[in-house]
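A.B. asks:
Numbering (my numbering), first residue to last: 34 to 264.
Okay, here's the thing in structure tokens:
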């Protein structure tokens, strides 16, 4: 019996780009459903979800960022890749902070897109092998469900916030440099930024503080990086 093809949703309004990507992804063994607009994607998501979604930022009816936000609100574990003509660092940070797994600026190589899709799905397959709840200090970690609880309350995390906090949780006390965190959390650390880690650490601290303001588990080591202290 043949293995089912991974389902990919491609949301791209430029026909030439969409046709090329559909062909390359199908050649790579993926089943592709293409959309020219974002709102039909939200309708389809009420009935089924793909293994991964590729979203153009500049859609004609709804921002790709807003589409990502709504999809992840429905399915927090859904992998998302952004395609965009924008190359500004602020736009990249915005997309990553919303929980996207990667951000690819046009013009790009279709083969590069396929490679990044494979990388993201391969990482998720490895993560799915770990499905038991772990208790680490005041934290509880469920890797399979992508859930982290802090002081008994579930944290509402974006994908990158989850992966970043999980990395710190699995090695309490270890000091990670920014580069080490980017290498372990982001699919293409070479195209990430130092500020990416700092921004995510800031939002994580705010979410932890909102539940328990007395504990500060994420420690800053000036000139070195970050670690997680467990009590």
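Even for Gly, the Cβ is constructed at its ideal location relative to N, Cα and C. Note that this is a predicted model, so its numbers are computed, not measured.
One question on the structure: do residue 248 and residue 194 come within less than 7 angstroms of each other, judged by their Cβ atoms?
C.D. replies: In this structure, residue 194 does not lie closer than 7 angstroms to residue 248 by Cβ.
A.B. asks: Less than 6 angstroms between C-beta atoms, sequence neighbours within five positions excluded: which residues of the same chain meet that for residue 42?
C.D. replies: Closer than 6 angstroms at Cβ, skipping near neighbours: 66, 83, 86.
A.B. asks: Can you tell me the Cβ-Cβ gap for residue 261 and residue 205, rounded? I've got them flagged as a contact below 8 angstroms.
C.D. replies: At roughly 5 angstroms, the Cβ-Cβ gap stays under 8 angstroms, so residue 261 and residue 205 are in contact.
A.B. asks: Classify residue 89: buried if its beta carbon has 16 or more other beta carbons within 10 angstroms, exposed otherwise.
C.D. replies: Buried.
A.B. asks: Output needed for residue 180: all residues of its chain with C-beta closer than 7 angstroms, excluding positions within five of it in sequence on either side, in chain order.
C.D. replies: Excluding positions up to five away in sequence, the list reads 187.
A.B. asks: Which same chain residues, not among the five before or five after residue 64, have their C-beta less than 6 angstroms away from its C-beta?
C.D. replies: So the qualifying residues of the chain are 38, 40.
A.B. asks: Quick one: any contact between the region 135-145 and the region 110-119, if contact means 3 or more CB pairs under 8 angstroms?
C.D. replies: Output reads yes: the region 110-119 touches the region 135-145.
A.B. asks: In this structure, how does DSSP classify residue 49 when only helix, strand and coil are distinguished?
C.D. replies: Of the three classes helix, strand and coil, the one that applies to residue 49 here is helix, per DSSP.
A.B. asks: Figure out for me which residue from 61, 212, 250 has the closest Cα to the Cα of residue 256.
C.D. replies: That would be 212, whose Cα lies nearest to the Cα of residue 256.
A.B. asks: Starting from the Cα of residue 72, find the closest Cα among 100, 62, 58 and give me that residue.
C.D. replies: It is 100.
A.B. asks: Under 7 angstroms, do residue 94 and residue 69 count as touching if we go by C-beta distance?
C.D. replies: Taking 7 angstroms as the Cβ cut-off, residue 94 and residue 69 do not qualify as a contacting pair.
A.B. asks: Given that a residue counts as buried once 16 or more other Cβ atoms are within 10 Å of its Cβ, and exposed if not, what is residue 243?
C.D. replies: Exposed, since its Cβ has fewer than 16 Cβ neighbours within 10 Å.
A.B. asks: Ordered along the chain, which non-local residues of its own chain (more than five positions away) have a Cβ less than 6 angstroms from that of residue 174?
C.D. replies: Cβ neighbours of residue 174 beyond the five flanking positions: 167, 181, 202.
A.B. asks: Residue 135 lies in the beta strand (DSSP E); which residues open and close that run?
C.D. replies: It spans 135-138 - the beta strand (DSSP E) in which residue 135 sits, taken as one unbroken run.
A.B. asks: Work out the CA separation of residue 118 and residue 109 for me, nearest whole Å.
C.D. replies: If you take the alpha carbons of residue 109 and residue 118, they lie about 26 angstroms apart.
A.B. asks: Return the Cβ separation of residue 217 and residue 200 in integer angstroms, given the expectation that the two are a contact with Cβ distance under 8 angstroms.
C.D. replies: Contact flag correct, Cβ pair sits at about 5 angstroms.
A.B. asks: Ends of the alpha helix (DSSP H) at residue 258?
C.D. replies: It is not in any alpha helix (DSSP H) - residue 258 instead sits in the beta strand (DSSP E) that spans 258-261.
A.B. asks: Would you mind stating whether residue 75 and residue 103 have Cβ atoms separated by less than 7 angstroms?
C.D. replies: Yes, these two residues count as a Cβ contact at 7 angstroms.
A.B. asks: On the DSSP bridge list, what partners appear for residue 252?
C.D. replies: 260, per the DSSP bridge assignment.
A.B. asks: What's the gap between the Cα of residue 81 and the Cα of residue 60?
C.D. replies: For residue 81 and residue 60, the distance between alpha carbons rounds to 23 angstroms.
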